[in-house]
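Inspection log for the structure reproduced underneath, given as structure tokens.
Protein chains: 2
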Amino acid sequence: MVRLRLDLGYDGTDFSGWARQPGRRTVQGEIEQALGRILRLAEPPALTVAGRTDAGVHARGQVAHVDLPVAALAELDRNRRTTRPAQPGAGVGGAAGDRPGGGLDGAPEGVPAEGLPPDVDERLATLVRRLGGVLEPDVRVHRVCVAPDGFDARFSALFRRYAYRVSDAPGGGDPLRRREVVWHNRPLEPDAMNAAAARLLGEHDFAAFCKKRDGATTIRELQRLRWVRDDGGPLVATVVADAFCHSMVRALVGALLAVGDGRRPVEWPAQVLGRAVRDSGVHVAPAHGLCLEEVGYPPEAELAARAAATRRVRTASAGGDAPFEDE
Amino acid sequence: MVRLRLDLGYDGTDFSGWARQPGRRTVQGEIEQALGRILRLAEPPALTVAGRTDAGVHARGQVAHVDLPVAALAELDRNRRTTRPAQPGAGVGGAAGDRPGGGLDGAPEGVPAEGLPPDVDERLATLVRRLGGVLEPDVRVHRVCVAPDGFDARFSALFRRYAYRVSDAPGGGDPLRRREVVWHNRPLEPDAMNAAAARLLGEHDFAAFCKKRDGATTIRELQRLRWVRDDGGPLVATVVADAFCHSMVRALVGALLAVGDGRRPVEWPAQVLGRAVRDSGVHVAPAHGLCLEEVGYPPEAELAARAAATRRVRTASAGGDAPFEDE
Chain A
303 MVRLRLDLGY DGTDFSGWAR QPGRRTVQGE IEQALGRILR LAEPPALTVA
353 GRTDAGVHAR GQVAHVDLPV AALAELDRNR RTTRPAQPGA GVGGAAGDRP
403 GGGLDGAPEG VPAEGLPPDV DERLATLVRR LGGVLEPDVR VHRVCVAPDG
453 FDARFSALFR RYAYRVSDAP GGGDPLRRRE VVWHNRPLEP DAMNAAAARL
503 LGEHDFAAFC KKRDGATTIR ELQRLRWVRD DGGPLVATVV ADAFCHSMVR
553 ALVGALLAVG DGRRPVEWPA QVLGRAVRDS GVHVAPAHGL CLEEVGYPPE
603 AELAARAAAT RRVRTASAGG DAPFEDE
Chain B
303 MVRLRLDLGY DGTDFSGWAR QPGRRTVQGE IEQALGRILR LAEPPALTVA
353 GRTDAGVHAR GQVAHVDLPV AALAELDRNR RTTRPAQPGA GVGGAAGDRP
403 GGGLDGAPEG VPAEGLPPDV DERLATLVRR LGGVLEPDVR VHRVCVAPDG
453 FDARFSALFR RYAYRVSDAP GGGDPLRRRE VVWHNRPLEP DAMNAAAARL
503 LGEHDFAAFC KKRDGATTIR ELQRLRWVRD DGGPLVATVV ADAFCHSMVR
553 ALVGALLAVG DGRRPVEWPA QVLGRAVRDS GVHVAPAHGL CLEEVGYPPE
603 AELAARAAAT RRVRTASAGG DAPFEDE
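Chains as they are written, first to last, in my numbering: chain A, 303 to 629; chain B, 303 to 629.
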């Protein structure tokens, strides 16, 4: 078996979220079907993802892994497309490495897993192109590579970085961004939102901002939450944590929007956090403003240890089944 | 009568271009209808636009003007919405002035046209909000102001700036940008494209890159045409000229893409330009990569002179009806 890492993005508008569900169009379902079809597998393979996203939530820097029989890669030699001729200094492999999603630290250069064909990189570039031909344009796999030893898309992750985008322009925001920027019908004051956000940073029980799941911990380390007005236009929040519980970013954003437009005082979100129970005054912000921008992993040598530690912590704190990080 | 300047943007995907056409959904038609409805005019008023865009072409910095009876503004006092309360330091007028599209040089601060009500700015802010409620979300009017003396959205313009966006990522570009970024199925070399573009700058007869119209000059001054790879992702061309003739940017881009992916030599676009006749080897690039980003105007004191000069030059060179700049 070989473990592949997939770097991907999607417009969540027309998906019922990431997770496969019978009868629904989901990102996981579409990619698994495409992989099964391209590699002529008897069953679609199962993907493991870094951040399961809700219906309507987007991703630019989503990461998943899939385990496949090495022999399945041979299928990529059949009908190999040659529409992207290798050019001096701009070959397929080299060009892909210069692009976003192409910066996997500790990529297994020169240390292929046992049994891998020597031209595995070329075959995986073919896989990327074939996925581009099979998938609808609202989901794109930007890169596929052999995962380094110990890599687990979910448990090896050090952090998830989300962006939340909101425009308070009086007549409405940029029409070309309307699928990923929420429009807010009152002027927003980013300084107040940042003052309120600063009081939420650090390790806390975020139960007040999470949809509770049985047996799942709501303790998270919020590493960054900061609003910046993007080039005079929409406000963009950068939100980073080790992991998130369900609807956490959107609930945090909903609380901060109430501060930003003057409906709540700066102290309010921290007071809600301190009560550690769901607060009906917190409105979960709309899904379409949220985008998973990046998943961070440690250097290759620490991947396996990180995965083991994450599994241990989650299992212990949950007292049972490990919780999933969701947005 | 009062002349209003409108700053606006649209997602061109679902429009049959800017120009009003019977039975078609056009940007001009939608805004004219909305203005007529909000101001309760007997007929929709006629808009004059800086850059007429083709079907599928987008705009972020489009500018138009409209002449209205001063009395029509009184309609805005009826049912005036108060959903955006004035806040200390963040009033409607002040906030709008900090935003894109709000930077009209020489705005008529403190010098209202004769007969204008003293609260005209407040009424026009109401108009922006009401347009936001009436128009579909794929077209937004970001600002409406009283046009300075001598202002003509079309003839006073000094330059039009367009962007053309294309991604050559092997598996496809960012799904969230697919409506405004064209995907090109071969790697592109921006240095070669810029070398070719540099030979096209200056005042030339661009007949080779224009759809010919009877009586219309094809002499234009191409002030800037430069490709930059945006943050490691798509390539973005900035294209600036005094004005453009029909399909000119897309034909120039089509020629440069052929250089960028190695199908044509760097010298080729300049050779085509030199022949001054349409070249069947030039493929007009897809409309959805093109966006009108900015229209530049001179300082207020020079607006009328600029408009008169533009009219004179266009009429003389065309030997009749003044040509329209189109993309």
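Quick reminder that beta carbons are idealized off the backbone N, C-alpha and C, glycines included. Since the structure is predicted, the reported quantities are computational estimates derived from the model, not experimental observations.
Residue i versus residue j - alpha carbon distance
i: residue 625(B); j: residue 589(B); result: Summary for residue 625(B): the model assigns pLDDT 40, below 50, so the residue's position carries little reliability; its value from the coordinates is reported in the next sentence. Distance between the alpha carbons of residue 625(B) and residue 589(B) is about 21 Å.
i: residue 314(A); j: residue 598(A); result: 21 Å
i: residue 540(B); j: residue 480(A); result: 23 Å
i: residue 572(B); j: residue 495(B); result: 12 Å
i: residue 613(B); j: residue 303(B); result: 22 Å
i: residue 359(B); j: residue 467(B); result: 12 Å
i: residue 318(B); j: residue 432(B); result: 24 Å
i: residue 311(A); j: residue 605(A); result: 23 Å
i: residue 305(B); j: residue 423(B); result: 13 Å
i: residue 308(A); j: residue 330(A); result: 12 Å
i: residue 581(B); j: residue 356(B); result: 21 Å
i: residue 526(A); j: residue 565(A); result: 24 Å
i: residue 326(B); j: residue 546(A); result: 47 Å
i: residue 332(B); j: residue 519(B); result: 30 Å
i: residue 376(B); j: residue 553(A); result: 42 Å
i: residue 515(A); j: residue 548(A); result: 8 Å
i: residue 521(B); j: residue 528(B); result: 20 Å
i: residue 477(B); j: residue 370(B); result: 42 Å
i: residue 395(A); j: residue 430(A); result: Any reading at residue 395(A) is ruled out, since the residue's pLDDT is 35, under 50, leaving its predicted position unreliable.
i: residue 421(B); j: residue 345(B); result: 25 Å
i: residue 584(A); j: residue 563(A); result: 14 Å
i: residue 620(B); j: residue 544(B); result: The pLDDT assigned to residue 620(B) is 46, lower than 50, so where the model puts this residue is not dependable; a value taken from the coordinates is nonetheless given after this. Cα to Cα, residue 620(B) sits roughly 16 Å from residue 544(B).
i: residue 316(B); j: residue 316(A); result: 18 Å
i: residue 524(B); j: residue 542(B); result: 6 Å
i: residue 615(B); j: residue 323(B); result: 28 Å
i: residue 379(A); j: residue 425(A); result: 7 Å
i: residue 374(A); j: residue 461(A); result: 32 Å
CB contact check: residue i to chain A, cutoff 8 Å
i: residue 265(B); result: As shown, chain B starts at 303 and ends at 629. That puts residue 265(B) outside it, with no answer to give.
i: residue 376(B); result: no
i: residue 444(B); result: yes
i: residue 311(B); result: yes
i: residue 362(B); result: yes
i: residue 427(B); result: yes
Contacts around residue i, its chain only, beta-carbon distance under 8 Å, and the 5 residues preceding and following it disregarded
i: residue 475(B); result: 469, 483, 485, 535 and 536
Close beta carbons around residue i, own chain, < 7 Å, minus the five adjacent residues each side
i: residue 321(A); result: 328, 330 and 354
i: residue 568(A); result: 494, 497, 498 and 561
i: residue 558(A); result: 495, 498, 499 and 571
i: residue 406(B); result: Residue confidence for residue 406(B) is low, a pLDDT of 43 falling below 50, so the modelled location carries little weight; the figure read from the coordinates is stated next. Within the same chain, residue 406(B) has close Cβ partners 307 and 447.
i: residue 556(A); result: 584, 585, 586 and 587
Sequence-distant residues of its chain with Cβ nearer than 6 Å to residue i (five each side left out)
i: residue 367(A); result: 305, 307, 350, 449 and 455
i: residue 596(A); result: 363 and 463
i: residue 532(A); result: 538
i: residue 591(B); result: 466, 467, 468 and 484
i: residue 434(A); result: none
i: residue 550(A); result: 508, 511 and 512
i: residue 608(A); result: 458 and 600
i: residue 417(A); result: 372
Test: residue i CB closer than 8 Å to a CB of chain B
i: residue 307(A); result: no
With contact counted as at least three CB pairs below 8 Å, one residue from each stretch, are the stretch 441-456 of chain A and the stretch 534-543 of chain A in contact? No, the stretch 441-456 of chain A is not in contact with the stretch 534-543 of chain A.
In the stretch 576-590 of chain A, which residues sit with their C-beta less than 8 Å from some C-beta in chain B, listed in chain order? Under the 8 Å Cβ criterion, the stretch 576-590 of chain A contributes no residue.
Chain B contacts made by the stretch 465-482 of chain A, where a contact means CB separation under 9 Å: Residues of the stretch 465-482 of chain A with a C-beta less than 9 Å from any C-beta of chain B: 470, 471, 472, 473, 474, 475, 476, 477, 478, 479, 480, 481 and 482, listed in chain order.
Using 8 Å as the cut-off, can you tell me whether the stretch 499-512 of chain B makes contact with the stretch 471-491 of chain B, which would need three or more C-beta pairs spanning the two stretches below that distance? Proximity of the stretch 499-512 of chain B to the stretch 471-491 of chain B falls short of the contact definition, fewer than three beta-carbon pairs being nearer than 8 Å.
If contact means a Cβ-Cβ distance below 7 Å, which residues of the stretch 431-442 of chain B contact chain A? Residues 431, 433, 434, 439, 440, 441 and 442.
Okay, do the stretch 503-519 of chain B and the stretch 337-344 of chain A touch, 3+ Cβ pairs below 8 Å being the bar? Contact fails: fewer than three Cβ-Cβ distances are below 8 Å.
Meets three-Cβ-pair contact criterion under 8 Å: the stretch 457-466 of chain A and the stretch 432-441 of chain A: Fewer than three pairs of CB atoms, one per stretch, sit closer than 8 Å, so the stretch 457-466 of chain A makes no contact with the stretch 432-441 of chain A.
Below 8 Å, how does it come out for the stretch 341-356 of chain A and the stretch 574-581 of chain A: are there three or more Cβ pairs, yes or no? Taking a cut-off of 8 Å on C-beta distances, the stretch 341-356 of chain A does not touch the stretch 574-581 of chain A, as fewer than three cross pairs fall below it.
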